[in-house]
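Trainee: Take the sequence shown: its letter number 215 is residue 215 in the UniProt record's numbering, and every next letter is one higher. Sharing a structure here in structure tokens format.
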Amino acid sequence: MYLLIFLAVAMIFVYLVNRYEYHNSNYKDLTGNTYNEVMNDKGKYGEFLTVEELERFDIEHRMAVNVYIPKNDHETTEIDVIYICPYGIFVIESKNYSGWIYGDESHRYWTQVYSGNKKEKFYNPVFQNKTHIKSLAKVLNIHENKMKSLIVFSQRCTLKVVTIKSNDVYVFNRKDLAKILKTVIKNSPEILSKDEIQEIYSKLKKYTNASEKIKNDENLYFGEKD
């Protein structure tokens with residue numbers, strides 16, 4: 001009986017601590033998502049964890065989350081996270097997947113393998129993020145060479161065989177985000193000033209906090225049409 005009471009109290013305590021930390025997070029400020037919305041949505045939870053990791057870096061930066069920008073006259077595309085710092089614009093696609101991941105940068109579809117050898121195809125996230133970058137470059141009127149493509153998979157999956165050959169394209173598990181970002185920054189020159197970082201962020205701000213109409217629009221791009 002006492003053990004059950006102790007466990008119940010412990011669970012309530014953990015819940016309250018997690019809820020408090022979330023309400024004081026930058027992700028909450030950036031998106032306006034509630035704690036329950038994030039905890040009950042794998043995609044949003046993955047974005048939250050990615051933003052938390054990025055906030056650990058003590059460098060000048062601005063961040064935009066869930067950015068809905070025009071792909072063309074008829075379609076809109078959503079970018080999960082955009083991290084703007086002196087070393088460039090990091091365009092981040094968050095994949096909160098499980099299982100084993102197999103993929104090649106040049107192939108249209110990648111494969112997710114679950115337990116029991118169940119397989120499922122999904123659109124190449126490198127292609128998906130390439131479209132994001134092209135759309136973003138057009139909106140910002142900035143050359144694509146100032147942008148880097150980061151595909152961040154969750155800890156719940158294993159990248160079994162993933163082949164990437166392009167420069168400025170990185171595919172990894174979230175636990176390696178700090179290591180990857182440090183390496184990229186170490187090997188990159190500063191190309192954006194503090195004022196330029198703020199100017200880019202200001203341009204992106206109007207594309208965040210999209211209405212439900214935009215989020216549910218049938219013309220929202222997910223990549224399969226490329």
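Beta carbons are placed, not taken as given, at the ideal position from N, Cα and C, and that holds for glycine. Bear in mind the structure is a predicted one, so any value in this text is a computation, not a measurement.
Let me confirm a value: residue 13 is counted as buried when at least 16 other C-beta atoms fall within 10 Å, else exposed. Which label applies?
Mentor: It is exposed - the Cβ of residue 13 has fewer than 16 other Cβ atoms within 10 Å.
Trainee: Specify, as a first and last residue, the run of the alpha helix (DSSP H) that residue 58 falls within.
Mentor: Where residue 58 is concerned, there is no enclosing alpha helix (DSSP H), given that its DSSP letter is neither H nor E.
Trainee: Quick one: grab the DSSP three-state call for residue 11.
Mentor: Of the three classes helix, strand and coil, the one that applies to residue 11 here is helix, per DSSP.
Trainee: Looking at the secondary structure, which residues open and close the alpha helix (DSSP H) in which residue 150 lies?
Mentor: Looking at the DSSP string, residue 150 is not in any alpha helix (DSSP H); the run it does join, the beta strand (DSSP E), is 147-153.
Trainee: Taking just the CA atoms, how far does residue 112 sit from residue 102?
Mentor: Cα-Cα distance, rounded: 7 Å.
Trainee: I need the boundaries of the alpha helix (DSSP H) containing residue 229, first residue and last residue.
Mentor: Outside the modelled stretch of the chain, which goes from 1 to 226, sits residue 229, for which no answer is possible.
Trainee: Between residue 37 and residue 94, is the Cβ-Cβ spacing less than 8 Å?
Mentor: Not a contact, by the Cβ cut-off of 8 Å.
Trainee: When the Cα of residue 167 is compared with those of 194, 148, 196, which residue comes out closest?
Mentor: The candidate whose alpha carbon is nearest that of residue 167 is 148.
Trainee: For residue 84 versus residue 77, is the C-beta spacing smaller than 8 Å?
Mentor: Not a contact, by the Cβ cut-off of 8 Å.
Trainee: May I ask you to report which of helix, strand or coil DSSP gives residue 125?
Mentor: In the structure shown, residue 125 sits in a helix (DSSP, three-state: H, G or I).
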